[in-house]
Amino acid sequence: MPVLALDLNGHVGSVRAARHATEEFFAELAAGAGPRFRVETRTDVLLVIAELVSNACRHAPGPCRLTVAPGDDGTIDVAVEDTGRELLAPASPPAGYGLVVVTGLSRGVHVIRLPQGKIVQATVVERRPGGRPGQWCGDTGPAYD
1141 MPVLALDLNG
1151 HVGSVRAARH
1161 ATEEFFAELA
1171 AGAGPRFRVE
1181 TRTDVLLVIA
1191 ELVSNACRHA
1201 PGPCRLTVAP
1211 GDDGTIDVAV
1221 EDTGRELLAP
1231 ASPPAGYGLV
1241 VVTGLSRGVH
1251 VIRLPQGKIV
1261 QATVVERRPG
1271 GRPGQWCGDT
1281 GPAYD
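In structure tokens, the structure reads:
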């Protein structure tokens, strides 16, 4: 199964570049023998990517890496690796609702600690008309592996 891996510099334009590359990736999948996803699902993935890349650019110094991997089961794993050491926190007004959005569009948010930073991962499920999966992978916030 094809995978999109994109290195971003973490500066202005990273979110736009990530969204554009993902749109092209979906077009390539649809044009070839890859899976085809509903427009609503692709839109959900693009929003998840925008939120996760934006968070990486805002809260972590330096570059980040986006990975988009469709699964055989109709899922799409989105992961952003960054150099930030801070763990994620639930929303605090007036900002901070990006993770709530990501959680509502995915099976949940997982954070994997690395020696040099972390990976924030969310799995988007092919959306059926009228419904969205979504829940925190834990009782009080994102799950940490």
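Each residue of the sequence shown is one higher than the one before, counting from 1141 in my numbering.
We put the CB at the ideal spot given by N, CA and C, even for glycine.
Are the beta-carbon atoms belonging to residue i and residue j less than 8 Å from one another?
i, j, result
"Asn1149", "Pro1203", "yes"
"Glu1191", "Val1241", "yes"
"Leu1144", "Val1208", "yes"
"Thr1183", "Thr1215", "no"
Relative to the C-alpha of residue i, which residue among the options is closest?
i, options, result
"Leu1169", "Thr1263, Asp1212, Val1242, Pro1255", "Asp1212"
What is the residue span of the beta strand (DSSP E) that residue i lies within?
i, result
"Asp1147", "1144-1148"
"Leu1206", "1204-1210"
DSSP state of residue i, grouped into three classes?
i, result
"Arg1253", "strand"
"Ala1262", "strand"
Could you compute how far the alpha carbon of residue i sits from the alpha carbon of residue j?
i, j, result
"Asp1222", "Leu1239", "16 Å"
"Arg1159", "Ile1189", "7 Å"
"Asp1217", "Arg1176", "15 Å"
"Val1249", "Val1185", "13 Å"
At what residues does the alpha helix (DSSP H) containing residue i begin and finish?
i, result
"Glu1164", "1154-1171"
"Glu1226", "Unbroken run through Glu1226: none, as it is neither H nor E."
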